[in-house]
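Read top to bottom, the protein sequences are chains C and H. Counting in the numbering used here, the first sequence runs from 1 upward without gaps. Counting in the numbering used here, the second sequence runs from 112 upward without gaps. Here's the structure we're looking at; comments come further down.
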Amino acid sequence: DAKTTQPPSMDCAEGRAANLPCNHSTISGNEYVYWYRQIHSQGPQYIIHGLKNNETNEMASLIITEDRKSSTLILPHATLRDTAVYYCIVRVGGSARQLTFGSGTQLTVLP
Amino acid sequence: DAGITQSPRHKVTETGTPVTLRCHQTENHRYMYWYRQDPGHGLRLIHYSYGVKDTDKGEVSDGYSVSRSKTEDFLLTLESATSSQTSVYFCAISELSSGPNTDTQYFGPGTRLTVL
């Protein structure tokens, strides 16, 4: 799995968009970008994933650069309940094996 | 949210006693996983299953065994618990598909185990 780099922490005002960056410069052509988050003491929660096109679901949007070396997770209207550690994971799709979580980004949504 | 439950949610036990944690799913997913999470180590895979009675070791399998006698249940057993096995244990499930949800893992709420 390709290595990812995320800032250790970020703050965001409640109601504003939260933009979480991730660098994955060694990503291979068959590797997907996954995003999970973990709210304190809870199980990791799947957010979104993509291969090369931008993706959107009810939780977030994922923007992947054209060269696929970086991506941004966007929470359009952050709430206090979005305070969590966000993990960017790059891995081959369809592999049914271990997810490797790095250090992630601690997002704190401020009132 | 995926239908995954874990039991018990909290357990305190003594060194040397056997402990079994249960993961139950209602999604009929083929793959099930057991992870442990410790400060400074992130999530580490203990064992996983790719079908009924089909299991394999993960990164930190020593001291743990698993069983899967039916699709919906995956049991993790600590034959003789040690203090180093104090951790939070998460179960996850996934299903392979050719569509956009390929291999997404969904996690349960976790079991907090303390071994005294």
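Virtual Cβ for every residue (Gly too), placed ideally from N, Cα, C.
Within the same chain, show all residues whose beta-carbon is closer than 7 Å to that of residue i, passing over the 5 residues directly before and after it, in chain order.
| i | result |
| --- | --- |
| ASN139/H | THR182 |
| THR215/H | SER205 |
Check the Cβ of residue i against every Cβ in chain C and list those closer than 8 Å, keeping chain order.
| i | result |
| --- | --- |
| GLN136/H | Under the 8 Å cutoff, chain C gives no residues; its nearest Cβ is about 13 Å from GLN136/H. |
| TYR217/H | TYR46 |
| PRO220/H | GLN42, GLY43 |
For the putative contact between residue i and residue j, defined by C-beta atoms under 8 Å, what is the C-beta separation to the nearest angstrom?
| i | j | result |
| --- | --- | --- |
| THR137/H | GLY174/H | Not confirmed; about 29 Å, so no contact. |
| PRO7/C | SER70/C | Contact flag wrong, Cβ pair sits at about 12 Å. |
| GLN148/H | SER198/H | 6 Å |
| THR72/C | THR108/C | Going by Cβ atoms, the distance from THR72/C to THR108/C rounds to 18 Å, so no, they are not a contact pair. |
| SER41/C | GLN106/C | With a Cβ gap of about 14 Å, SER41/C and GLN106/C do not count as contacting. |
| TYR87/C | ARG16/C | So it is not a contact: roughly 22 Å between Cβ atoms. |
| VAL33/C | ILE64/C | 6 Å |
Using only the alpha-carbon positions, how far apart do residue i and residue j sit?
| i | j | result |
| --- | --- | --- |
| ASN53/C | GLY43/C | 28 Å |
| MET59/C | ILE47/C | 7 Å |
| TYR161/H | LEU207/H | 10 Å |
| CYS134/H | GLY104/C | 26 Å |
| THR124/H | ARG68/C | 48 Å |
| HIS121/H | THR222/H | 6 Å |
| SER25/C | THR126/H | 45 Å |
| SER61/C | HIS49/C | 9 Å |
| ASP184/H | GLU66/C | 42 Å |
| GLY153/H | ALA13/C | 27 Å |
| GLY102/C | SER180/H | 33 Å |
| VAL85/C | TYR146/H | 18 Å |
| PRO111/C | LEU80/C | 7 Å |
| GLN98/C | SER195/H | 22 Å |
| TYR144/H | SER172/H | 12 Å |
| ARG141/H | TYR159/H | 11 Å |
Give me, in chain order, the residues of the same chain whose beta-carbon lies closer than 8 Å to that of residue i; leave out the 5 immediate sequence neighbours on both sides.
| i | result |
| --- | --- |
| ASP1/C | GLU31, ILE89, VAL90, ARG91, VAL92, THR100 |
So which residues on chain H does residue i lean against when the C-beta distance must stay under 9 Å?
| i | result |
| --- | --- |
| HIS24/C | Going along chain H, no residue has its Cβ under 9 Å from HIS24/C, so there is no contact; the nearest lies around 17 Å. |
Cβ closer than 7 Å: which chain H residues qualify as neighbours of residue i?
| i | result |
| --- | --- |
| HIS49/C | THR215 |
Using a C-beta to C-beta distance shorter than 9 Å, which residues of chain C count as neighbours of residue i?
| i | result |
| --- | --- |
| GLU170/H | GLN98 |
| PHE201/H | GLY43, PRO44 |
Could you work out which residues of chain C lie near residue i, taking near to mean beta carbons separated by less than 7 Å?
| i | result |
| --- | --- |
| LEU156/H | GLN98 |
Who are the Cβ neighbours of residue i in its own chain at under 6 Å, not counting the five residues just before and after it?
| i | result |
| --- | --- |
| VAL130/H | THR124, LEU189, ALA192 |
| SER176/H | THR188 |
Is there at least one Cβ from chain D nearer than 8 Å to residue i's Cβ?
| i | result |
| --- | --- |
| GLY153/H | Although the question refers to chain D, the structure presented lacks it and instead comprises the protein chains C and H. |
Which runs of the alpha helix (DSSP H) at least 4 residues long sit entirely within the region 186–210 of chain H? Give them in chain order. none
Can you list the beta strand (DSSP E) stretches of 3 or more residues lying completely in the region 36–76 of chain C, in chain order? 45–50, 61–64, 70–75
Along the chain, which unbroken stretches of the beta strand (DSSP E) at least 3 residues long are found entirely within the region 118–156 of chain H? 121–124, 130–136, 142–149
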